[in-house]
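Here this note's numbering = 1-based position in the sequence shown + 190.
Presented below is the structure to which this report refers.
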Amino acid sequence: MTTRSETQTTLDHLLTEIEHRNPAQPEFHQAAHEVLETLAPVVAARPEYAEPGLIERLVEPERQVMFRVPWQDDQGRVRVNRGFRVEFNSALGPYKGGLRFHPSVNLGVIKFLGFEQIFKNALTGLGIGGGKGGSDFDPHGRSDAEVMRFCQAFMTELYRHIGEHTDVPAGDIGVGGREIGYLFGQYRRITNRWEAGVLTGKGQGWGGSLIRPEATGYGNVLFAAAMLRERGEDLQGQTAVVSGSGNVAIYTIEKLTALGANAVTCSDSSGYVVDEKGIDLDLLKQIKEVERGRVDAYAERRGASARFVPGGRVWEVPADLALPSATQNELDENDAATLIRNGVKAVSEGANMPTTPEAVHLLQQAGVAFGPGKAANAGGVAVSALEMAQNHARTSWTAARVEEELADIMTSIHTTCHETAERYGTPGDYVTGANIAGFERVADAMLAQGVI
């Protein structure tokens with residue numbers, strides 16, 4: 191039997207090869223390191239996983255698609271963006287993962303997100319593979335007509351690569367209900383098919399699922415609550431800092447409030463708001479979802495309990511819980527040190543890889559419960575899969591049923607991660623537990639299906 195140290199040496203060589211084969215993709219390198227550095231125990235214990243080529247296939251996307259997206263703005267000027275879809279692994283089911291419209295999008299970012307999605311989707315226990323896509327288009331400040339024309343141009347190329355049994359995109363940063371609607375309409379127009387299961391995050395009147403907009407935020411809070419229960423505590427009376435002010439952050443705050451916690455922050459690229467009375471959700475939704483404004487407007491309207499800190503970081507605010515819900519690498523080592531000094535008990539990732547590796551290690555060394563995004567924010571894709579099931583049956587479930595299913599899935603994910611970490615000698619390490627549990631499910635399917 192191969193020892194752990196020998197296995198880790200092999201994995202380290204593979205990581206070097208990944209960096210060589212994928213230059214200038216630091217986010218993908220980071221995601222691969224984060225997973226592969228935890229796999230030595232399981233690969234050493236199960237020789238079949240050391241089969242030549244298995245992990246090499248896992249870290250290489252099955253398909254990478256990049257295309258140009260030409261569209262006209264309201265002044266008639268032709269703009270050109272890049273579109274991406276990385277179909278990473280379909281061993282467990284059709285590729286599943288969101289579309290991100292943001293200036294920071296490039297191939298490395300999409301590959302990191304798609305790689306993470308493989309394990310996240312596996313942890314749900316549902317039959318979905320991993321993929322991700324998007325564009326460097328920025329919808330912020332664009333008119334509805336411009337967003338529509340861009341989405342139509344994007345789907346005119348993407349449609350040939352997706353389908354309800356092939357690849358099922360959803361939303362992500364910059365892609366909400368408006369964008370999904372335009373994308374679905376163009377897909378239907380081009381294909382002449384009502385294929386509801388080809389996209390998730392749809393409107394509730396035309397194939398969408400109840401609780402889908404709330405699912406990522408709700409699921410993250412449920413995972414955080416499960417980590418606290420493991421330590422003999424609950425959310426009641428806890429103070430929480432939340433970053434971001436988009437869909438994930440808003441519904442994270444909503445669920446925290448419903449379960450008795452006090453969420454006191456939200457943020458965007460301009461800075462953050464701290465509200466001692468707790469974030470007023472109705473006001474935040476009005477500003478961000480209706481007016482598409484900035485968070486400084488919240489402080490202006492809220493009154494004396496709230497203040498806006500331009501350019502600041504929410505992690506400066508003392509709290510029991512931290513839920514990063516904005517974007518990758520937003521919580522660094524200095525932020526982690528600040529949280530630890532302020533007595534944080536748990537950090538649960540609502541965004542994808544929002545905590546840097548150095549910060550993760552520091553939090554774990556300090557005994558802080560840490561919920562990695564591939565486990566903690568899996569609620570969104572879980573309800574997307576439930577939306578696919580409803581589409582397949584041409585039915586619609588009640589909100590209560592969907593939320594009950596979501597709660598069961600998040601509880602199961604927590605249990606799986608916790609028990610897997612204990613089984614491999616790292617009790618309480620949800621990062622290792624999530625990585626190994628997701629890897630085992632995908633690797634077993636890959637082995638069963640042969641070298642493809």
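For glycine and all other residues, C-beta sits at the position ideal for the given N, C-alpha and C.
Because the structure is a prediction, the values reported are computed rather than measured.
* Asked: Residue range of the beta strand (DSSP E) that Thr455 falls in?
  -> Here residue 455 corresponds to residue number 265 of the sequence shown, with the count starting at 1. Note, Thr455: beta strand (DSSP E), 455-458.
* Enclosing alpha helix (DSSP H) for Tyr408 [first to last residue] -> The residue you call residue 408 lines up with position 218 of the sequence shown. Per DSSP, Tyr408 belongs to the alpha helix (DSSP H) from 405-420.
* Please classify Phe340: does DSSP put it in a helix, a strand, or coil? => Here the question's residue 340 lines up with position 150 in the sequence shown. DSSP places Phe340 in helix when its eight states are reduced to three.
* **Span of the alpha helix (DSSP H), counted from its first residue to its last, around Lys310** => Along the sequence shown, one-based indexing puts residue 310 at 120. It spans 297-314 - the alpha helix (DSSP H) in which Lys310 sits, taken as one unbroken run.
* **Every unbroken alpha helix (DSSP H) inside the segment 549-579 [4 residues or more]** => 563-566
* Asked: To which residues does DSSP link Ala430 through a beta bridge?
  -> Position 240 of the sequence shown, counted from the first residue, corresponds to residue 430. Looking at the DSSP assignment, Ala430 forms a beta bridge with Ala453, Leu511.
* Measure the C-alpha to C-alpha separation of Val318 and Arg491 and round it to an integer number of angstroms. => Position 128 of the sequence shown, counting from 1, holds the residue named residue 318. Position 301 of the sequence shown, counting from 1, holds the residue named residue 491. Reading off the sequence shown, one finds Ile at residue 318, where the question assumed Val. Looking at the two C-alpha atoms, the distance is approximately 44 Å.
* Asked: Along the chain, which unbroken stretches of the alpha helix (DSSP H) at least 4 residues long are found entirely within the segment 572-622?
  -> 589-613
* Taking the alpha carbon of His292 as the point to measure from, which residue in Gly266, Leu313, Gly283, Val337 has its own alpha carbon closest? -> Numbered from 1 along the sequence shown, position 102 holds the residue referred to as residue 292. Closest by alpha carbon: Val337.
* **Of the listed residues Val411, Gly304, Glu250, nearest to Ala597 (C-alpha basis)** => Along the sequence shown, read from residue 1 onward, the residue named residue 597 stands at position 407. Ranking the options by Cα distance to Ala597, first place goes to Val411.
* Output the distance between the C-alpha atoms of Thr206 and Leu529, rounded to the nearest integer angstrom. => On the sequence shown, residue 206 is found 16 positions in, with the first residue counted as 1. On the sequence shown, residue 529 is found 339 positions in, with the first residue counted as 1. Spanning the two alpha carbons is a distance of roughly 33 Å.
* Just to confirm, are Ala221 and Phe278 a CB contact at a threshold of 7 Å? -> Taking the first residue of the sequence shown as position 1, residue 221 is located at position 31. Taking the first residue of the sequence shown as position 1, residue 278 is located at position 88. Taking 7 Å as the Cβ cut-off, Ala221 and Phe278 do not qualify as a contacting pair.
* Helix, strand or coil: which one does DSSP assign to Leu204? -> Numbered from its first residue, the sequence shown carries residue 204 at position 14. Leu204: helix per DSSP, three-state reduction.
* **Residue environment, Gly266, which counts as buried when at least 16 other CB atoms sit within 10 Å** => For this step, residue 266 is matched to residue 76 along the sequence shown. Burial call: exposed.
* Asked: In chain order, which beta strand (DSSP E) runs of at least 3 residues are fully inside the segment 486-534?
  -> 496-500, 511-513
* Under the DSSP definition of a beta bridge, which residues are partnered with Arg275? -> What you label residue 275 is simply residue 85 of the sequence shown in a count that begins at 1. For Arg275, which the question treats as bridged, DSSP gives the partners Val255, Gly323.
* Asked: Would you call Lys310 buried or exposed, if buried means 16 or more other Cβ atoms sit within 10 Å of its Cβ?
  -> The count along the sequence shown starts at 1 and reaches residue 310 at position 120. With 16 or more Cβ atoms within 10 Å of its Cβ, Lys310 is classed as buried.
* Which residues DSSP lists as bridging Thr545, in chain order -> Locating residue 545 in the sequence shown gives position 355, where the first residue counts as 1. According to DSSP, which records beta bridges pairwise, Thr545 is partnered with Leu521.
* **For Leu289, the first and last residue of its enclosing beta strand (DSSP E)** => The residue you call residue 289 lines up with position 99 of the sequence shown. From DSSP, the beta strand (DSSP E) with Leu289 extends over 285-291.
* Spatial distance of Arg269 from Ala575 (CA atoms) -> The residue you call residue 269 lines up with position 79 of the sequence shown. The residue you call residue 575 lines up with position 385 of the sequence shown. The alpha-carbon atoms of Arg269 and Ala575 are separated by roughly 34 Å.
* Asked: Hey, how far is the Cα of Glu369 from the Cα of Cys341?
  -> Translated into positions along the sequence shown, residue 369 becomes position 179. Translated into positions along the sequence shown, residue 341 becomes position 151. Answer to the nearest angstrom: the Cα atoms are 7 Å apart.
* **Whether Glu354 touches Gly324 by CB criterion (7 Å)** => Working through the sequence shown from its first residue, we reach residue 354 at position 164. Working through the sequence shown from its first residue, we reach residue 324 at position 134. Not closer than 7 Å, so no.
* Whose C-beta lies closer than 8 Å to the C-beta of Leu552 among residues of the same chain, with five residues either side of it excluded? -> To locate residue 552, count along the sequence shown from 1; it is residue 362. Cβ within range, chain order: Glu523, Ala526, Ala527, Ile530.
* To do: Can you check DSSP and say which residues form a bridge with Asp328?
  => Locating residue 328 in the sequence shown gives position 138, counting from the first residue. Asp328 is not bridged to any residue.
* Asked: Rounded to a whole number of angstroms, what is the C-alpha to C-alpha distance between Asn519 and Ser294?
  -> In the sequence shown, residue 519 corresponds to position 329, counting from 1. In the sequence shown, residue 294 corresponds to position 104, counting from 1. Their Cα atoms are separated by approximately 13 Å.
* To do: Let me know if Ile642 comes out buried or exposed under the rule of 16 or more other beta-carbons within 10 Å of its beta-carbon.
  => For the purposes of this step, residue 642 is taken as the residue at position 452 of the sequence shown. Ile642 is exposed by the Cβ-count criterion.
* To do: State buried or exposed for Ser495, treating a residue as buried only when at least 16 other CB atoms are found within 10 Å of its CB.
  => Walking along the sequence shown from the start, residue 495 turns up at place 305. So Ser495 counts as exposed.
* Asked: Does DSSP put Pro242 in a helix, in a strand, or in coil?
  -> Position 52 of the sequence shown, counting from 1, holds the residue named residue 242. DSSP places Pro242 in coil when its eight states are reduced to three.
* What number of angstroms, rounded off, separates the C-alpha of Glu457 from the C-alpha of Thr601? -> Taking the sequence shown and counting its residues from 1, the one referred to as residue 457 is at position 267. Taking the sequence shown and counting its residues from 1, the one referred to as residue 601 is at position 411. What sits at residue 457 in the sequence shown is Ser, not Glu. Ser457 and Thr601: Cα-Cα distance of roughly 28 Å.
* Rounded to a whole number of angstroms, what is the C-alpha to C-alpha distance between Ser399 and Phe374? -> Locating residue 399 in the sequence shown gives position 209, counting from the first residue. Locating residue 374 in the sequence shown gives position 184, counting from the first residue. Their backbone Cα atoms lie some 15 Å apart in a straight line.
* From the DSSP output, read off the bridge partner residues of Pro260. => As a working note, residue 260 is residue 70 in the sequence shown. BP columns for Pro260 point to Val270.
* Residue interval of the beta strand (DSSP E) (run including Gly372) -> As a working note, residue 372 is residue 182 in the sequence shown. Residue 372 is actually Tyr in this sequence, not Gly. It is not in any beta strand (DSSP E) - Tyr372 instead sits in the alpha helix (DSSP H) that spans 367-381.
* Hey, quick one: how far does the beta strand (DSSP E) through Pro359 stretch, first residue to last? -> Along the sequence shown, one-based indexing puts residue 359 at 169. Start and end: 357-360.
* Close-in-space but distant-in-sequence residues of the same chain around Arg253 (CB under 7 Å, 5 per side omitted) -> For the purposes of this step, residue 253 is taken as the residue at position 63 of the sequence shown. Around Arg253: Glu277.
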